[in-house]
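Engineer:
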Amino acid sequence: MNVSSHIEAVYEEVRRRNPGEAEFHQAAAEVLDSLAPALERHPEYAETGILERLVEPERQLIFRVPWVDDQGKVRVNRGFRVEFSSALGPYKGGLRFHPSVNLGIVKFLGFEQIFKNALTGMAIGGGKGGSDFDPKGRSDGEVMRFCQSFMTELYRHLGEHTDVPAGDIGVGGREIGYLFGQYKRITNRYESGVLTGKAVGWGGSHVRTEATGYGAVYFAQEMLATRGEGFDGRRVVVSGSGNVAVYAVEKVHALGGRVVACSDSSGYLVDEDGIDLELLKDLKEVRRARISDYAEAKPAARFSDRGTVYDVPCDIALPCATQNEVRREDAVALVKNGVRAVAEGANMPCTPEAVELFREAGVLFGPGKAANAGGVATSGLEMQQNAARDSWTFEQTEARLSAVMRDVHTDCRATAEAYGGNADDYVLGANVAGFLRVAEAMAAQGVI
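Using numbering that gives the first Met the number 0, the first residue of the sequence shown is number 0, and each one after it goes up by one.
#1: Figure out for me which residue from Ala443, Ala432 and Ile447 has the closest Cα to the Cα of Lys115.
#2: Among residues of its own chain, excluding the 5 on either side of Asp133, which ones have a beta-carbon nearer than 6 Å to its beta-carbon?
#3: Which full runs of the alpha helix (DSSP H) of 4+ residues lie inside the stretch 302-359, going along the chain?
#4: May I ask you to report which of helix, strand or coil DSSP gives Arg436?
#5: Just how far apart, CA to CA, sit Val13 and Leu53?
#6: Can you find at least 3 beta carbon pairs, one from the stretch 316-326 and one from the stretch 287-306, that sit closer than 8 Å?
#7: Decide if the stretch 100-120 is in contact with the stretch 148-161; the criterion is three or more beta carbon pairs, one per stretch, under 8 Å apart.
#8: Measuring CA to CA, which of Ser4, Val2 and Ala35 is closest to Gly419?
#9: If I follow the unbroken beta strand (DSSP E) through Phe79, where does it start and stop?
#10: Given this structure, state the Cα-to-Cα distance separating Val235 from Trp66, to the nearest angstrom.
#11: Got a sec? Which residues, its chain only, sit under 6 Å from Ala56 by beta carbon, not counting five neighbours each side?
#12: May I have the straight-line CA-CA distance separating Leu333 from Gly361, to the nearest angstrom?
#13: Determine the DSSP secondary structure at Pro164, reduced to helix, strand or coil.
#14: Taking one C-beta from the stretch 220-237 and one from the stretch 245-254 each time, how about it: are there three or more such pairs within less than 8 Å?
#15: Would you kindly check if the distance between the Cβ of Gly241 and the Cβ of Gly373 is under 8 Å?
#16: Since I believe Cys349 is in contact with Pro318 (beta carbons under 8 Å), could you give me their beta-carbon distance rounded to a whole number of angstroms?
#17: Taking the CB atoms as reference points, tell me whether Val407 and Leu223 lie closer together than 8 Å.
#18: Quick one: is Pro42 buried, meaning 16 or more other Cβ sit within 10 Å of its Cβ, or exposed?
#19: Expressed to the nearest angstrom, what Euclidean distance is found between the alpha-carbon atoms of Ser85 and Gly306?
#20: To test your reading of the DSSP string, which unbroken alpha helix (DSSP H) runs of 4 or more residues are found completely within the stretch 13-50?
#21: Once DSSP output is grouped into helix, strand and coil, what is the label at Gln59?
#22: With distances taken from CA atoms, which of Val142, Ile175, Ala438 and Leu94 is nearest Asp167?
#23: Which residue from Arg144, Thr186 and Val338 puts its Cα closest to that of Ala219?
#24: Residues in its own chain within less than 6 Å of Thr414 by CB, not counting five upstream and five downstream?
#25: So, for Ala369: in the same chain, excluding its five sequence neighbours on each side, which residues have a beta-carbon less than 8 Å away from its beta-carbon?
#26: Which residues does DSSP pair with Phe96 in a beta bridge?
#27: List the whole-angstrom C-beta distance separating Phe96 from Ser130, where the pair is believed to meet the contact cut-off of C-beta under 8 Å.
#28: My understanding is that Leu87 touches Arg436, with C-beta atoms under 8 Å, so please give their C-beta distance in whole angstroms.
#29: Can the beta-carbon of Gly203 be found closer than 8 Å to that of Gly196?
#30: In the DSSP assignment, find the unbroken beta strand (DSSP E) run with Gly365 in it and report its ends.
#31: How many angstroms separate the CA atom of Ser3 from the CA atom of Asn421?
#32: Going residue by residue through the stretch 194-274, where are the continuous beta strand (DSSP E) segments of at least 3 residues, counting only ones entirely within it?
#33: Taking the alpha-carbon of Ala386 as reference, which of Glu20, His160, Gly78 and Ser138 has the nearest alpha-carbon?
#34: Measure the Cβ-Cβ separation of Phe145 and Val64 and say whether it is below 8 Å.
#35: Drop a sphere of 10 angstroms on the beta-carbon of Phe393, count the other beta-carbons inside from all chains shown, and report buried for 16 or more, exposed for fewer.
#36: May I ask which residues mark the beginning and end of the alpha helix (DSSP H) holding Arg405?
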């Protein structure tokens with residue numbers, strides 16, 4: 000079998016069967032383009048249709064979510080859950096509430112989740128879900144009523160051994176609480192392992208809030224260490240100012256780095272003294288305000304609604320906002336300004352053109368499925384604690400997270416070297432390592 004022709008045929012089938020789903024096409028191409036060395040060494044995976052099955056979700060759910068706003072008006076949103084792969088364990092992946100959510104977005108996220116979850120070494124499959132509902136500007140009552148309606152349909156597809164959602168953009172502790180309350184109400188079971196990202200007081204795990212941001216920084220630290228470098232004294236730019244970005248800032252500062260810029264959808268902020276973490280947390284986690292308010296509170300800082308955060312010179316960049324935010328021109332600016340490493344805290348924030356430029360320039364690049372695996376890894380740790388009716392300390396959990404991210408990094412480098420010869424090719428390493436784990440399980444379980 001000609002491996003290249005086989006991969007191209009699979010990709011063309013993805014495009015044919017999923018028209019108009021550009022993000023899913025992009026995610027599929029990014030993985031498939033890396034798999035030729037794996038299929039050449041394991042031709043049985045090509046011969047038994049592993050790729051053809053892997054790019055097709057096991058189940059796709061689309062449903063209506065009716066709810067009533069504070070004025071008594073009936074609103075209707077659309078809900079999604081794509082259960083992509085259960086080869087390694089129950090479907091696992093977050094729920095995203097944002098106006099941009101559609102089936103293609105959810106499929107891209109779910110497909111990425113397969114390999115990300117496999118890289119953690121935990122027994123969890125891949126899935127993703129969400130809705131085009133926008134919680135921004137909505138009252139707690141409106142968010143509660145929406146979440147209750149959403150879970151009233153979704154609950155029948157969930158279970159600690161079936162599908163375990165978590166949070167994502169627009170779904171934080173408040174939303175997880177409302178979703179879990181409705182699941183418990185409908186099922187009459189305190190099945191704490193059915194949702195992760197819960198509050199510590201009722202089944203949640205320490206470090207879950209911080210995990211994705213911390214994990215991305217740990218991964219970047221491991222990459223830098225291969226060149227005898229670290230965060231100490233480095234200028235760092237973090238895109239976004241949500242949960243992932245905030246805790247990436249926190250961990251960079253703990254490791255001696257200085258985050259000089261972050262952003263939100265309105266623009267970006269530069270603070271040469273280093274981002275004031277307490278002020279940022281107050282703005283984003285308490286007041287739910289805009290990043291421009293930071294500059295008003297601290298006159299030495301500068302806010303701009305022109306250009307991007309990547310125009311700010313830095314040694315290390317951590318894109319933590321959303322998909323395809325780092326375009327080729329942003330990558331050009333980063334490389335020109337001497338960036339040493341880029342680690343994706345968000346899911347697929349760098350376009351293919353940007354990734355190609357980083358790799359050509361010799362910039363250390365950590366793809367999201369490896370660099371931001373800390374979030375789902377800690378969700379896996381939360382599931383372990385729930386299963387044992389146990390609770391670990393913050394220090395215990397963070398130590399486990401750090402170990403997982405170190406192992407992910409080691410696995411990516413070893414696989415890249417074994418299948419491509421260049422240990423710095425983390426894209427190849429992450430894709431092949433994740434694929435091999437899932438493919439082995441699929442082959443053992445028969446044609447299902």
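The beta-carbon is built from N, C-alpha and C at its ideal position, and this holds for glycine as well.
Structural biologist: This is what the structure holds:
#1: Taking each of Ala443, Ala432 and Ile447 in turn and checking the Cα distance to Lys115, the smallest one comes out for Ala432.
#2: Excluding positions up to five away in sequence, the list reads Pro98.
#3: Segments of the alpha helix (DSSP H) lying fully in the stretch 302-359: 327-335 and 351-359.
#4: Assignment of Arg436 by DSSP, reduced to helix, strand and coil, places it in the helix class.
#5: About 11 Å.
#6: Because the criterion of three Cβ pairs below 8 Å is not met, the stretch 316-326 and the stretch 287-306 do not touch.
#7: Not touching, per the Cβ criterion.
#8: With distances taken between Cα atoms, Gly419 lies closest to Ala35.
#9: Phe79 -> beta strand (DSSP E) spans Val73 to Ser84.
#10: Rounded to the nearest angstrom, the two C-alpha atoms are 42 Å apart.
#11: A small fix is needed here, since residue 56 is Pro in this sequence, not Ala. Close CB contacts of Pro56 within its chain, under the 6 Å cut and outside five residues either way in sequence, are with Val81 and Phe83 (chain order).
#12: Taking the straight line from one Cα to the other gives about 12 Å.
#13: Under the three-state reduction of DSSP, Pro164 is assigned to strand.
#14: Yes, the stretch 220-237 is in contact with the stretch 245-254.
#15: Taking C-beta atoms as the reference points, Gly373 and Gly241 fail to come closer than 8 Å.
#16: Rounded, the Cβ-Cβ distance is 6 Å, consistent with contact.
#17: Not closer than 8 Å, so no.
#18: A residue is called buried once 16 or more other Cβ atoms fall within 10 Å of its Cβ, and Pro42, having fewer, is exposed.
#19: Here the C-alpha atom of Ser85 lies approximately 42 Å from the C-alpha atom of Gly306.
#20: As far as the stretch 13-50 is concerned, its whole alpha helix (DSSP H) runs of at least 4 residues are 21-31, 35-40 and 42-46.
#21: Gln59 falls in the strand class under three-state DSSP.
#22: Looking at the Cα atoms, Leu94 is the closest of the given residues.
#23: When only C-alpha atoms are compared, the closest one is Val338.
#24: If we look at Thr414 and ignore the five residues flanking it on each side, its Cβ neighbours are Gly428, Val431 and Ala432.
#25: When the five nearest sequence neighbours on each side are left out, the beta carbons in the same chain lying within less than 8 Å of the beta carbon of Ala369 are those of Lys115, Leu118, Phe218, Val407, His408, Cys411, Tyr425, Gly428 and Ala429, in order along the chain.
#26: Phe96 has Ser130 as its beta-bridge partners, per DSSP.
#27: For Phe96 against Ser130, the beta-carbon gap comes to about 5 Å, under 8 Å, which counts as contact.
#28: Right, the Cβ-Cβ distance comes to about 7 Å (below 8 Å), so this counts as a contact.
#29: Yes, the pair counts as a contact, with Cβ atoms nearer than the cut-off.
#30: Per DSSP, Gly365 belongs to the beta strand (DSSP E) from Leu363 to Gly365.
#31: As the crow flies, the alpha-carbon of Ser3 is around 21 Å from that of Asn421.
#32: Qualifying beta strand (DSSP E) stretches, in chain order: 234-238, 257-263 and 266-269.
#33: It is His160.
#34: At a Cβ-Cβ threshold of 8 Å, Phe145 and Val64 count as neighbours.
#35: Counting Cβ neighbours within 10 Å, Phe393 comes out exposed, since fewer than 16 surround it.
#36: It spans Phe393 to Gly419 - the alpha helix (DSSP H) in which Arg405 sits, taken as one unbroken run.
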